[in-house]
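Chemist: When the letters of the sequence shown are read in order and numbered with the working numbering, they come out as residues 37 to 322.
Cβ coordinates follow ideal geometry from the N, Cα and C atoms, glycine included.
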Amino acid sequence: MSSVLRIALQKSGRLSEDSYQLFKECGIRFDYGTGKLKSVSSNFPAEFLFLRDDDIPGYVEDGVADLGIVGENVAVETARNVETIHRLGFSKCRLSLAIPRGTDWSGLHDLAGKNIATSYPRLLGNYLRDKGVSAEIHEISGSVEIAPGIGLAEAICDIVSSGSTLLSNGLKEVETIFRSEAILVSRPALAENKQQLVDKLLFRIKSVQAAKNNKYIVLNAPNASLETITALLPGMKSPTVTPLATEGWSSVHSVLNENDFWENIEAIRAAGAEGILVIPIEKMIY
Ligand code: PRT
Ligand code: ZN
């Protein structure tokens, strides 16, 4: 039986560009950005729906869409019955408590009995309950950062990225209550034919992410240092070592993870490697 995956993406906002880019890197083509509400891929059995981010978990739960990309903050706050199937690593941010810059802070208990404005009443309520602090939560849907200035609340709980919004509103961040990134969510218990398409998509997403987290490295090494250098470069299986035309030297090819990249490069150089080339990888298939 033929089937088509329906995937909900944010129409326009902080998740959109990276979501569109991810599908592009997975080789899945579709049109977007022309005010369309939906678009069918020309080369993968998928149809894309363009929605407001807050509505995505609900549409996935109701089965209007099979998959969706949404901020984890929104997924948790909306508390819909959806499954997180993959973390996507973009649109990273944190949900934090902030108070006016001139106010003293000795800990969360300072907020006991105070008013806190937020668009995330569930996340904040759960956090305060866990910590045993009782405060008044004022739910507002936007411009949370102005609440203390207009006397609506003594503190706020809002999404922070660079911190410049807090700074320009005379607020200071005092406690992070949740860390978020974009996630791929799914309707639980998809039909077998749809699950096969999800697995195919996940395989592509993981290959794209692995490639981004790794670099291809080529270097020249004196044979006496080969053991030390190859131990630092395990690669996908083991490094490729081939002799150079110059006696006593070899060329080493491998893959190096982004996380400990600079530490490893320094160690490799210290071991005598020369002519180190570092090349981006487009896809990495395990
Ligand atoms: O129109 P629609 O409802 O679809 O979009 P939206 O306006 O509700 O959401 P949008 O596009 O702003 O954010 C989508 C998701 O991106 C959020 O749910 C988060 O998961 C993530 N994200 C990442 C952010 C930020 N960074 C962010 N900085 N969401 C919001 N902000 C806002 C924040 O609310 C505050 O006003 O940016 C301001 C703080 O930014 P800094 O850099 O000044 O600290
Ligand atoms: Zn929204």
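1) Starting from His122, follow its DSSP beta bridges and name the residues at the other end.
2) Measuring from the CB of Arg215, is there a heavy atom of the ligand PRT at a distance below 7 Å?
3) Can you list, in chain order, the residues of its chain whose CB lies under 6 Å from that of Ser197, leaving out five sequence neighbours each side?
4) Out of Phe86, Gly99, Lys72 and Ala227, state which residue places its alpha-carbon closest to the alpha-carbon of Ser39.
5) Give me every residue whose Cβ sits closer than 6 Å to any heavy atom of the ligand PRT, in chain order.
6) Do you know how far the Cα of Asp67 is from the Cα of Gln57?
7) What are the boundary residues of the beta strand (DSSP E) that Leu41 is part of?
8) Would the beta-carbon of Leu207 fall within 8 Å of that of Glu181?
9) Could you tell me which residues DSSP pairs with Arg130 in its beta bridges?
10) Where does Gln232 land, buried or exposed, given buried means 16+ other C-beta within 10 angstroms?
11) Specify whether the stretch 79-87 and the stretch 187-202 touch according to this definition: at least 3 beta carbon pairs, one from each stretch, less than 8 Å apart.
12) Are the CB atoms of Leu124 and Glu217 nearer to each other than 8 Å?
13) Closer than 8 Å is the cut-off here; do at least three beta carbon pairs connect the stretch 304-315 with the stretch 245-261?
14) May I ask you to verify whether the stretch 182-194 touches the stretch 106-124, counting CB pairs closer than 8 Å and requiring at least 3?
15) Buried or exposed, going by whether 16 or more other CB atoms sit within 10 Å of the CB of Arg42?
Modeler: Well, looking at it:
1) Your numbering for residue 122 matches position 86 in the sequence shown. Answer by DSSP bridge pairing, in chain order: Leu220.
2) Along the sequence shown, one-based indexing puts residue 215 at 179. For Arg215, the shortest C-beta to heavy atom distance toward the ligand PRT is 7 Å or greater.
3) For the purposes of this step, residue 197 is taken as residue 161 along the sequence shown, with counting starting at 1. Same-chain partners within the cutoff: Cys129.
4) If you number the sequence shown from 1, residue 39 lands on position 3. Nearest option by C-alpha distance: Ala227.
5) Gln46, Gly49, Arg50, Leu51, Arg88, Asp89, Asp90, Gly107, Asn109, Val110, Ser127, Cys129, Asp194, Ile195, Val196, Ser197, Ser198, Gly199, Ser200, Thr201 and Ser216
6) Mapped onto the sequence shown, residue 57 falls at position 21. Mapped onto the sequence shown, residue 67 falls at position 31. Taking the straight line from one Cα to the other gives about 12 Å.
7) The residue labelled residue 41 in the question sits at position 5 within the sequence shown. Per DSSP, Leu41 belongs to the beta strand (DSSP E) from Leu41 to Gln46.
8) Position 171 of the sequence shown holds residue 207. Position 145 of the sequence shown holds residue 181. Yes, these two residues count as a Cβ contact at 8 Å.
9) Position 94 of the sequence shown holds residue 130. BP columns for Arg130 point to Val196 and Arg215.
10) The residue you call residue 232 lines up with position 196 of the sequence shown. Residue burial is scored here from C-beta neighbours: Gln232 has fewer than 16 other C-beta atoms within 10 angstroms and is therefore classed as exposed.
11) No: fewer than three Cβ pairs fall under 8 Å.
12) What you label residue 124 is simply residue 88 of the sequence shown in a count that begins at 1. What you label residue 217 is simply residue 181 of the sequence shown in a count that begins at 1. Contact flag set, yes.
13) yes
14) no
15) To locate residue 42, count along the sequence shown from 1; it is residue 6. So Arg42 counts as buried.
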